[in-house]
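**Student:** Residue numbers (the working numbering): 5 to 305.
Beta carbons are placed, not taken as given, at the ideal position from N, Cα and C, and that holds for glycine.
Dumping the structure here so I can ask a few things about it.
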Amino acid sequence: MRPKLIVLIGPTGVGKTELSLSLAEFLHTPIVNADSRQIYRDLLIGTAAPTPAQCQRVEHHFVGILGLTDYYSAAQYETDVLAFLDKLYTQQPYALMTGGSMMYIDAVCKGIDDIPTVDEETRRMMLERYEEVGLDHLCKELKLLDPAYYATVDLKNPKRVIHALEICYMTGKPYSFFRTSQIKSRPFDILKIGLQREREELYARINQRVEDMIEQGLIEEARRVYPYRHTNALNTVGYKEIFNYIDGIGDLETAIEKIKQNTRIYSRKQMTWFRKDNSIRWFHPDETDEIKKWIEKELMR
């Protein structure tokens, strides 16, 4: 029987954390984190990273392993997680991965295109150009060098625009040339469990979680990492809004409301992405017993 990877996914704030702990104990397996920001140290509050008590309750991997200036990608995550699973499956038949980062999840489940690794010189050059000319100018460059990718990329996401240009300049070929989107085979079976709530219920949870983060010290945490605000690790909801407040752009109340709003928008993007995947079996987070029964049934196949 082939090993099994159980993947627990869903939008931010839906309730993955507590259920993942219960499922990990049920399966007697550690948790593989699939949140692209929890992988960095020093972002405990703003990323809702697992607490020391939760990590003591269940062993976690790929949490807090990188510094804020470390370069990391979905392709590297794919390589690292597959290597980890290869070792884990020599000891046990099941593994549990959970998170809401769509690219990271797809990297493990479907594979990432074989895109060349960007060298340090090119990366440094593009970051300098981004600081000099800004995102709008880089988007115009991308339109000239790779109109196909320009037509599909989120032009408000500097990371993706910059990375595409890095590949264009380094290889002399359009970024879209390397994007074949071929699904790679895996030496394990994948079971995907999706968590969903009614929109009003989810939004209320998101709003409350932001309030809890503020009370737990998000502003102080953002001040501590402020010197690294231009790194990719901090190009994320929660920190960007607080950085604007620190820079004198708006008051604190406005920043908090912006975090809530942008988190809700991100949750919609996550659900749009996940709903394209017909292999996901959807549940409400409170259906713990039903989820465990479904897992037991699937594991017997």
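Mind checking whether A38 and M101 have CB atoms under 7 Å apart?
**Tutor:** Against the sequence shown, residue 38 aligns to sequence position 34. Against the sequence shown, residue 101 aligns to sequence position 97. Yes; because the gap between Cβ atoms is below 7 Å, this pair is in contact.
**Student:** Between the alpha carbons of F192 and C113, how many angstroms are there, rounded?
**Tutor:** In the sequence shown, counting from the first residue as 1, residue 192 sits at position 188. In the sequence shown, counting from the first residue as 1, residue 113 sits at position 109. F192 and C113: Cα-Cα distance of roughly 10 Å.
**Student:** Checking the sheet assignment: what are the DSSP bridge partners for V11?
**Tutor:** Indexing the sequence shown from 1 puts residue 11 at position 7. Answer is M101, K196, bridged to V11.
**Student:** Near Y243, what residues of its chain come up, given a Cβ to Cβ distance below 8 Å and the 5 sequence neighbours on each side ignored?
**Tutor:** Against the sequence shown, residue 243 aligns to sequence position 239. Once the five neighbours on either side are set aside, the close Cβ partners of Y243 are L47, G50, A226, V229, R233.
**Student:** Are the C-beta atoms of R6 and some chain C residue less than 7 Å apart?
**Tutor:** Of the protein chains in the structure, only one exists, and it is not chain C.
**Student:** Under DSSP, the alpha helix (DSSP H) around F88 begins and ends at which residues?
**Tutor:** As a position in the sequence shown, residue 88 is number 84, starting the count at 1. Its alpha helix (DSSP H) spans residues 78-92.
**Student:** With distance defined between alpha-carbon atoms, name the residue in I116, G115, H65 nearest to A99.
**Tutor:** Along the sequence shown, one-based indexing puts residue 99 at 95. Checked all of I116, G115, H65; the closest Cα to A99 is H65.
**Student:** Kindly give me the distance between the Cβ atoms of I210 and K273, rounded to whole angstroms, as I take these residues to be in contact under 8 Å.
**Tutor:** The residue given as residue 210 occupies position 206 in the sequence shown. The residue given as residue 273 occupies position 269 in the sequence shown. Their Cβ separation, rounded to whole angstroms, is 13 Å, which puts I210 and K273 out of contact at 8 Å.
**Student:** Taking only runs that begin and end inside the region 233-295, name each unbroken alpha helix (DSSP H) of 4 or more residues, in chain order.
**Tutor:** Listed in chain order, the complete alpha helix (DSSP H) runs (minimum 4 residues) inside the region 233-295 are 243-250, 256-278.
**Student:** Excluding the 5 residues preceding and the 5 following Y179 in the sequence, name in chain order all residues of the same chain whose CB lies nearer than 7 Å to its CB.
**Tutor:** Reading the sequence shown from its first residue, position 175 is the one you call residue 179. Around Y179: D150, Y153, A168, I171, C172.
**Student:** Can you give me the Cβ contacts of K160 inside the same chain, cut-off strictly under 8 Å, excluding the 5 residues immediately before and after it?
**Tutor:** In the sequence shown, counting from the first residue as 1, residue 160 sits at position 156. Taken in chain order, the residues that qualify are L139.
**Student:** Distance, Cα to Cα, T235 vs T73?
**Tutor:** The residue labelled residue 235 in the question sits at position 231 within the sequence shown. The residue labelled residue 73 in the question sits at position 69 within the sequence shown. One C-alpha to the other measures close to 6 Å.
**Student:** Spatial neighbours of K8 within its chain, please: CB distance less than 7 Å, with the 5 preceding and 5 following residues excluded, ordered by chain position.
**Tutor:** Taking the first residue of the sequence shown as 1, we reach residue 8 at position 4. If we look at K8 and ignore the five residues flanking it on each side, its Cβ neighbours are P97, Y98, F192, D193, L195, L303.
**Student:** Can you round the beta-carbon distance between Q60 and A53 to whole angstroms, since I take them to be within the 8 Å contact cut?
**Tutor:** To locate residue 60, count along the sequence shown from 1; it is residue 56. To locate residue 53, count along the sequence shown from 1; it is residue 49. At roughly 14 Å, the Cβ-Cβ gap does not stay under 8 Å, so Q60 and A53 are not in contact.
**Student:** Please classify G71 as buried or exposed, where buried requires at least 16 neighbouring CB atoms within 10 angstroms.
**Tutor:** Your numbering for residue 71 matches position 67 in the sequence shown. Label assigned to G71: exposed.
**Student:** Any contact of the region 206-224 with the region 294-303, i.e. 3+ C-beta pairs under 8 Å?
**Tutor:** Taking 8 Å as the limit for Cβ pairs, the verdict is that the region 294-303 does not touch the region 206-224.
**Student:** Kindly indicate which residue of D216, A87, K301, K144 has the alpha-carbon position closest to the one of G17.
**Tutor:** Against the sequence shown, residue 17 aligns to sequence position 13. Measuring from the Cα of G17, the nearest candidate turns out to be D216.
**Student:** Please specify which runs of the beta strand (DSSP E), each continuous and at least 3 residues long, are wholly inside the region 140-212, giving them in chain order.
**Tutor:** You should have 193-199.
**Student:** Once you ignore the five residues that flank F278 on each side, which residues in its own chain have a CB closer than 7 Å to its CB?
**Tutor:** Looking up residue 278 in the sequence shown gives position 274. Excluding residues within five positions, the ones whose Cβ falls inside 7 Å are I13, G198, I284.
**Student:** Who does L70 pair with in a DSSP beta bridge?
**Tutor:** Numbered from 1 along the sequence shown, position 66 holds the residue referred to as residue 70. Y44.
**Student:** Helix, strand or coil, according to DSSP, for I35 in the structure here?
**Tutor:** Indexing the sequence shown from 1 puts residue 35 at position 31. The answer is strand: DSSP assigns I35 an E or B state.
**Student:** So the alpha helix (DSSP H) E224 belongs to, where does it begin and stop?
**Tutor:** Here residue 224 refers to the residue found at position 220 when the sequence shown is read from its first residue. Segment 222-229, the alpha helix (DSSP H) holding E224.
**Student:** Here's the rule: buried if 16 or more other CB atoms are within 10 angstroms of the residue's CB, otherwise exposed. What is P15?
**Tutor:** The residue you call residue 15 lines up with position 11 of the sequence shown. By the 10 Å Cβ count, P15 comes out buried.
**Student:** What separation, rounded to the nearest whole angstrom, lies between the Cα atoms of G176 and K301?
**Tutor:** Working through the sequence shown from its first residue, we reach residue 176 at position 172. Working through the sequence shown from its first residue, we reach residue 301 at position 297. Going by the C-alpha atoms only, they are around 51 Å apart.
**Student:** Could you tell me the boundaries of the alpha helix (DSSP H) in which T318 lies?
**Tutor:** Because residue 318 is not part of the residues shown, which for the chain are 5 to 305, the question remains open.
**Student:** Which first and last residues belong to the alpha helix (DSSP H) in which I56 is found?
**Tutor:** On the sequence shown, position 52 is the one that residue 56 refers to. Residue identity check: residue 56 is Pro in the sequence provided, not Ile. First-last of the alpha helix (DSSP H) with P56: 56-61.
**Student:** So, under 8 Å CB-CB, N248 and A259 are touching, yes? Tell me the CB distance rounded to an integer number of Å.
**Tutor:** Position 244 of the sequence shown holds residue 248. Position 255 of the sequence shown holds residue 259. With 8 Å as the limit, N248 and A259 qualify as a contact, their Cβ atoms being about 6 Å apart.
**Student:** Mark V85 as exposed unless 16 or more other C-beta atoms lie within 10 angstroms of its C-beta, in which case mark it buried.
**Tutor:** Against the sequence shown, residue 85 aligns to sequence position 81. So V85 counts as buried.
**Student:** Could you check if F192 belongs to the surroundings of the ligand COA, using beta carbon to heavy atom distance under 6 Å?
**Tutor:** Because no ligand of any kind appears in the structure shown, any question about the ligand COA cannot be addressed here.
**Student:** Keeping to the same chain, check which residues put their C-beta closer than 7 Å to that of L92; ignore five residues upstream and five downstream.
**Tutor:** Along the sequence shown, one-based indexing puts residue 92 at 88. Excluding positions up to five away in sequence, the list reads A99.
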